[in-house]
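Report on one structure; see the data block that follows.
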Amino acid sequence: MSTQKSKSSEDLGFSNHLAVRLPLTDKFIDHPLLCKLCANAQTREKCLKILQYTSKLIAYFLQKGGKEWEALAKLLSTARRCFKLLRWVKHFDDLKDAAAEGSASFRSALYLDVGCNLVADISEDMCSLEKIGFIRKGRLPARAEYYSNWCQLVLAVVEIYVSKVKAERAVWKANSSPSIDNQRKSLLARLEMSKFVADLFKAFWDCEMSFANELLFILSGLWAAMVSTHKYAIKAAK
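Per the numbering used here, the very first residue in the sequence shown carries number 619; after that it's consecutive.
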């Protein structure tokens with residue numbers, strides 16, 4: 619019996635050596651973790667986002683066959699909208715964190731963040747219902763998606779400020795108590811801030827600003843998708 623237990627431990631250790639370690643954790647991307655990730659709608663949506671912007675990137679550089687990749691990116695974008703419906707409901711949980719915040723000024727910023735998230739996600743849902751076909755085309759204002767994109771831009775600015783404060787706190791904690799866990803949390807907080815900066819660059823293109831760059835838009839969308847997928851993977855691994 620002890621021999622079987624020892625053998626199973628060796629097999630587990632061998633499989634862990636073959637598996638890829640999830641960055642900034644001690645966990646391995648093994649079959650149980652993959653099952654958890656596949657069961658999570660947000661993770662599947664972010665994986666589709668990675669595929670969408672990868673397709674856009676290929677279409678950007680391809681002279682021949684680019685239209686097919688661009689068409690694929692549009693299909694993936696529509697599929698993602700199905701996963702994102704009613705995403706705004708989860709933001710009500712953030713009200714507890716905002717209420718518990720000690721700093722009055724930052725508490726106001728957190729409440730503003732919740733409000734911007736609600737407005738941005740609900741406006742995106744309305745556009746998604748039309749894109750998917752639940753709402754007949756023409757019922758929404760002609761520029762509804764354009765104004766929805768402006769909500770995303772304002773949200774990105776607020777999120778950058780909120781994530782900057784959180785990152786500064788995480789860095790201070792890591793410097794005060796330089797444990798591996800605190801250092802990882804510090805890096806994760808800075809990664810999350812970079813995701814919101816990418817969201818802002820993406821919003822510049824979506825809002826049709828004259829200085830916006832298409833390649834920067836694609837790379838920003840891809841980076842934001844990878845950071846978000848990594849974040850959800852860490853949550854699933856706990």
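Glycine residues also receive a C-beta, built at the ideal position from the N, C-alpha and C atoms.
Considering Cα atoms alone, identify which of the options is closest to residue i.
i, options, result
"Ser-721", "Val-783, Leu-693 and Ala-738", "Val-783"
"Leu-693", "Lys-667, Trp-706, Ala-854 and Glu-786", "Lys-667"
"Ala-788", "Leu-771, Met-811 and Leu-833", "Met-811"
"Val-776", "Ser-746, Ala-792, Lys-645 and Ser-726", "Ser-726"
"Trp-768", "Arg-808, Ser-794 and Cys-825", "Cys-825"
"Glu-901", "Gln-801, Ser-797, Ala-774 and Val-772", "In the structure displayed, the chain extends from 619 to 856; residue 901 sits before or after that span and is not available."
"Val-732", "Asp-743, Asp-711 and Ala-718", "Asp-711"
DSSP state of residue i, grouped into three classes?
i, result
"Phe-632", "Per-residue confidence for Phe-632 stands at a pLDDT of 41, beneath the threshold of 50, marking its modelled position as unreliable; no derived number is given."
"Arg-757", "coil"
"Phe-646", "strand"
I'd like to know whether the C-beta atoms of residue i and residue j end up nearer to each other than 9 Å.
i, j, result
"Gln-660", "Gly-839", "no"
"Thr-857", "Ile-836", "The structure shown does not extend to residue 857, since the chain is modelled only from 619 to 856, so the question has no answer here."
"Lys-749", "Arg-699", "yes"
"Ser-746", "Leu-703", "yes"
"Lys-654", "Ala-855", "yes"
"Ser-701", "Arg-639", "The identity of residue 701 in the sequence shown is Phe, whereas the question assumes Ser. Not closer than 9 Å, so no."
"Leu-818", "Lys-849", "no"
Any heavy atom of the ligand MG closer than 8 Å to the Cβ of residue i?
i, result
"Asp-644", "The ligand MG is not part of this structure, which contains no ligands at all."
Would you mind giving the Cβ-Cβ distance between residue i and residue j, rounded to the nearest angstrom? I have them listed as a contact below 8 Å.
i, j, result
"Tyr-729", "Glu-832", "Between Glu-832 and Tyr-729 the Cβ distance is about 35 Å, and since that is not below 8 Å, they are no contact."
"Val-845", "Lys-820", "The Cβ separation is near 13 Å, so there is no contact."
"Ala-738", "Gln-770", "5 Å"
* Minimum length 4: unbroken alpha helix (DSSP H) runs contained in the stretch 813-841 -> None, since the stretch 813-841 contains no complete alpha helix (DSSP H) of that length.
* Within the stretch 679-730, note down every full alpha helix (DSSP H) run reaching 4 residues or more, in order along the chain. => Runs found: 684-702 and 712-718.
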